[in-house]
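What follows is a set of notes on a single structure, which appears directly below.
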Amino acid sequence: MHEDMASGDGTVESNVLLMSSSSLSAAGDLLILSTFALSHEARRLLTVRLIASFAFADLLGQFPIVGSFPIGNMNDWGELWPHGPTFCEVQGFGNWYAAYASWLWTVAYAHAVSSAMPFRRVPLEGWCSEAVRCNFSNREANYHILCWGLPLIVIGSAFAAGLFGRGDNDAEICTFRQSKWALGFYTLLWFAIGYNCWVYVHVLRIASRAVDATSEVLDPATALALARRLDALGGRFMLYLLTFIVSQSPCVLRHLLVVIGQEDVDWMSGLDNACDAICPLHGFLNGLVYGMSNSMLVGALWRGIACRCWTDRLSMRSSRTASRAAQRCTTTQQPQSQGQVQPLVNLVVVERVDILETDERVQAEQHAREPSS
Numbered sequence: 001m002h003e004d005m006a007s008g009d010g011t012v013e014s015n016v017l018l019m020s021s022s023s024l025s026a027a028g029d030l031l032i033l034s035t036f037a038l039s040h041e042a043r044r045l046l047t048v049r050l051i052a053s054f055a056f057a058d059l060l061g062q063f064p065i066v067g068s069f070p071i072g073n074m075n076d077w078g079e080l081w082p083h084g085p086t087f088c089e090v091q092g093f094g095n096w097y098a099a100y101a102s103w104l105w106t107v108a109y110a111h112a113v114s115s116a117m118p119f120r121r122v123p124l125e126g127w128c129s130e131a132v133r134c135n136f137s138n139r140e141a142n143y144h145i146l147c148w149g150l151p152l153i154v155i156g157s158a159f160a161a162g163l164f165g166r167g168d169n170d171a172e173i174c175t176f177r178q179s180k181w182a183l184g185f186y187t188l189l190w191f192a193i194g195y196n197c198w199v200y201v202h203v204l205r206i207a208s209r210a211v212d213a214t215s216e217v218l219d220p221a222t223a224l225a226l227a228r229r230l231d232a233l234g235g236r237f238m239l240y241l242l243t244f245i246v247s248q249s250p251c252v253l254r255h256l257l258v259v260i261g262q263e264d265v266d267w268m269s270g271l272d273n274a275c276d277a278i279c280p281l282h283g284f285l286n287g288l289v290y291g292m293s294n295s296m297l298v299g300a301l302w303r304g305i306a307c308r309c310w311t312d313r314l315s316m317r318s319s320r321t322a323s324r325a326a327q328r329c330t331t332t333q334q335p336q337s338q339g340q341v342q343p344l345v346n347l348v349v350v351e352r353v354d355i356l357e358t359d360e361r362v363q364a365e366q367h368a369r370e371p372s373s
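This is how it looks when you write it as structure tokens:
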């Protein structure tokens, strides 16, 4: 998420870098949203729904960058709104609102992950019982209220106080007028990173205990698969953490240099270009890591596209044939392991950390095999 947009009479190089990186970020967001929209396999996972909300929030922040001109070219804004805020103020509000919303969605995702983990050592079969299984569907509404409403209140208050406008350094940007305010509002970013780190440690510890406690229950192949996924968890988490650090560090450093009075360093112009090229890339980097970590869901996306196109073509010929094609598409998108022995806990690799998410179909099969009392 890029909350600092070059908005003055910036150089062509700056504008090209900014719009190129912002377009890449929008493409990464659209990859996640397309997977969510076209794949039934993706929509059935709460974690993917939360990631899709993050992608939508990040995508909102790209529209003012890709679809708008520098402030010097917006001469008609004053005529359309003579007594209102300037275009730069509105643009600064929009970008910071999108940034806050996307950061909060990562916190909501981490909260959902940590809530799925018991804080005490329980046997694996206990996680699948109705008594301890968490129903996250009821929490989604609260997540939406928090992640969309809180930024509206906080950033809206800053907008009403007149804190947005041209920045206080040589690079004219649509952000907070004073860098000290920007550094203060970056507090949420550090909180999001810290909370995600805590969740990673918590999930890894609980998952390791679960695998150890149930090593006698699971077959060797399943236990080995779970152990390998735990080993891969750290690498994937580090990639997601780097998307935060790499994309936001240049903008934070630029504000920090201004606050401490070191904005005249020789490499400040290079830092400005780095901000234009890197800071908007959060969505692109997330989409890249998402695609590498969720090849199954990305494959489901293309299967969904193919099935829909094939069904639409057949519907022009025969509604009966189209109905059969749709049934074949639905069958293709179902999990392929119905005839295989599955673990009671399904490690689903998604954003930031892996979540131990129970498979409702497996639970139903387990309850069906239990003798009635």
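So that you can map any letter, position 354 of the sequence shown is 354 in full-length UniProt numbering, and since no number is skipped, the others follow by simple counting.
Yeah, the Cβ is synthetic: ideal placement off N, Cα and C, and Gly gets one too.
(1) Along the chain, which unbroken stretches of the alpha helix (DSSP H) at least 4 residues long are found entirely within the region 29 to 71?
(2) Going by other Cβ atoms of all chains shown within 10 Å of its Cβ, with 16 needed for buried, is residue 153 buried or exposed?
(3) Would DSSP call residue 167 helix, strand or coil?
(4) Comparing C-alpha positions only, which one of 112, 159, 104 sits nearest to residue 202?
(5) Count the CB pairs spanning the region 148 to 166 and the region 193 to 210 that are closer than 8 Å, and state whether there are at least three.
(6) Could you tell me the distance, in whole angstroms, from the CA atom of residue 34 to the CA atom of residue 42?
(7) Helix, strand or coil for residue 175 per DSSP?
(8) Please tell me whether residue 280 and residue 25 are closer than 9 Å, where the distance is taken between their beta carbons.
(9) Out of curiosity, what's the CA-to-CA distance linking residue 220 and residue 207?
(10) Does residue 86 come out as helix, strand or coil in the three-state DSSP assignment?
(11) Which residue from 289, 104, 86, 290 puts its Cα closest to that of residue 187?
(12) Ignore the nearest five residues each way along the sequence and tell me which others in residue 238's own chain have a CB closer than 8 Å to its CB.
(13) In chain order, what residues of the same chain have a beta carbon less than 6 Å from the beta carbon of residue 244, not counting five sequence neighbours either side?
(14) Taking DSSP as the reference, what is the three-state secondary structure of residue 261?
(15) Compute the distance between the beta-carbons of residue 165 and residue 89, then report whether it is under 9 Å.
(16) How about residue 382 and residue 283: are their beta carbons less than 9 Å apart?
(17) Work out the CA separation of residue 20 and residue 276 for me, nearest whole Å.
(18) Using a threshold of 9 Å, state whether the C-beta atoms of residue 273 and residue 29 are closer than that.
(19) Give the range of the alpha helix (DSSP H) segment to which residue 270 is assigned.
(20) Is the separation between the beta-carbon of residue 151 and that of residue 97 shorter than 9 Å?
(21) Residue 147 and residue 101 look like a contact to me (Cβ under 8 Å); what is the Cβ gap, rounded to whole Å?
(22) Considering only the beta carbon of each residue, do residue 290 and residue 32 sit closer than 9 Å?
(23) CB residue 176 to CB residue 189, shorter than 9 Å?
(24) Taking the Cβ atom as the reference point for each residue, do residue 139 and residue 115 lie within a distance shorter than 9 Å?
(25) Hey, out of 168, 108, 242, 52, whose CA is closest to residue 145's CA?
(26) Select from 149, 16, 257, 57 the residue whose C-alpha is nearest the C-alpha of residue 178.
(27) Since residue 161 contacts residue 255 with CB under 8 Å, what's their CB separation in whole angstroms?
So, from the listed chains and residues:
(1) List check, alpha helix (DSSP H) in window: 40 to 43, 46 to 60, 63 to 66.
(2) In the sequence shown, residue 153 corresponds to position 153, counting from 1. It counts as exposed.
(3) Against the sequence shown, residue 167 aligns to sequence position 167. Here residue 167 sits in coil by DSSP.
(4) Looking up residue 202 in the sequence shown gives position 202. Looking only at 112, 159, 104, the smallest Cα-Cα distance to residue 202 is reached by 112.
(5) Output reads no: the region 193 to 210 does not touch the region 148 to 166.
(6) On the sequence shown, residue 34 is found 34 positions in, with the first residue counted as 1. On the sequence shown, residue 42 is found 42 positions in, with the first residue counted as 1. For residue 34 and residue 42, the distance between alpha carbons rounds to 10 Å.
(7) Against the sequence shown, residue 175 aligns to sequence position 175. In this structure, residue 175 counts as strand in the three-state DSSP scheme.
(8) Start at 1 with the first residue of the sequence shown, and residue 280 comes out as number 280. Start at 1 with the first residue of the sequence shown, and residue 25 comes out as number 25. If you check the CB distance, residue 280 and residue 25 come in under 9 Å.
(9) For this step, residue 220 is matched to residue 220 along the sequence shown. For this step, residue 207 is matched to residue 207 along the sequence shown. Spanning the two alpha carbons is a distance of roughly 17 Å.
(10) Translated into positions along the sequence shown, residue 86 becomes position 86. Residue state, collapsed to three classes: coil.
(11) Translated into the one-based positions of the sequence shown, residue 187 becomes position 187. Taking each of 289, 104, 86, 290 in turn and checking the Cα distance to residue 187, the smallest one comes out for 104.
(12) Along the sequence shown, one-based indexing puts residue 238 at 238. Its chain contains no residue whose beta carbon lies nearer than 8 Å to that of residue 238 once the 5 sequence neighbours on both sides are disregarded.
(13) Residue numbering aside, residue 244 sits at position 244 when the sequence shown is read from its first letter. For residue 244, where only same-chain residues beyond five positions count, the Cβ hits under 6 Å are 193.
(14) The count along the sequence shown starts at 1 and reaches residue 261 at position 261. In the three-state DSSP reduction, residue 261 falls in the coil class, being neither helix nor strand.
(15) Within the sequence shown, residue 165 is the residue found at index 165, counting from 1. Within the sequence shown, residue 89 is the residue found at index 89, counting from 1. In contact: residue 165 and residue 89 (Cβ atoms closer than 9 Å).
(16) Outside the shown range of the chain (1 to 373) lies residue 382, about which nothing can therefore be said.
(17) As a position in the sequence shown, residue 276 is number 276, starting the count at 1. As a position in the sequence shown, residue 20 is number 20, starting the count at 1. Taken atom to atom, the span from the alpha-carbon of residue 276 to that of residue 20 is near 9 Å.
(18) Within the sequence shown, numbered from 1, the residue matching residue 273 stands at position 273. Within the sequence shown, numbered from 1, the residue matching residue 29 stands at position 29. Result no, Cβ atoms of residue 273 and residue 29 do not sit closer than 9 Å.
(19) In the sequence shown, residue 270 corresponds to position 270, counting from 1. Under the DSSP assignment, residue 270 falls in the alpha helix (DSSP H) whose first and last residues are 268 to 278.
(20) Taking the sequence shown and counting its residues from 1, the one referred to as residue 151 is at position 151. Taking the sequence shown and counting its residues from 1, the one referred to as residue 97 is at position 97. Taking 9 Å as the cut-off, the Cβ atoms of residue 151 and residue 97 count as close.
(21) Within the sequence shown, residue 147 is the residue found at index 147, counting from 1. Within the sequence shown, residue 101 is the residue found at index 101, counting from 1. Between residue 101 and residue 147 the Cβ distance is about 6 Å, and since that is below 8 Å, they are a contact.
(22) Your numbering for residue 290 matches position 290 in the sequence shown. Your numbering for residue 32 matches position 32 in the sequence shown. Yes, these two residues count as a Cβ contact at 9 Å.
(23) Taking the first residue of the sequence shown as position 1, residue 176 is located at position 176. Taking the first residue of the sequence shown as position 1, residue 189 is located at position 189. The answer is no: Cβ separation not under 9 Å.
(24) Reading the sequence shown from its first residue, position 139 is the one you call residue 139. Reading the sequence shown from its first residue, position 115 is the one you call residue 115. Remark: C-beta atoms of residue 139 and residue 115 approach each other more closely than 9 Å.
(25) Along the sequence shown, one-based indexing puts residue 145 at 145. Out of 168, 108, 242, 52, the CA that lies nearest to the CA of residue 145 is found in 108.
(26) Looking up residue 178 in the sequence shown gives position 178. Taking residue 178 as reference, the option from 149, 16, 257, 57 with the minimal CA-CA separation is 257.
(27) Sequence index remark: in the sequence shown, residue 161 carries index 161 (1-based). Sequence index remark: in the sequence shown, residue 255 carries index 255 (1-based). Cβ atoms of residue 161 and residue 255 stay farther apart than 8 Å, at about 18 Å.
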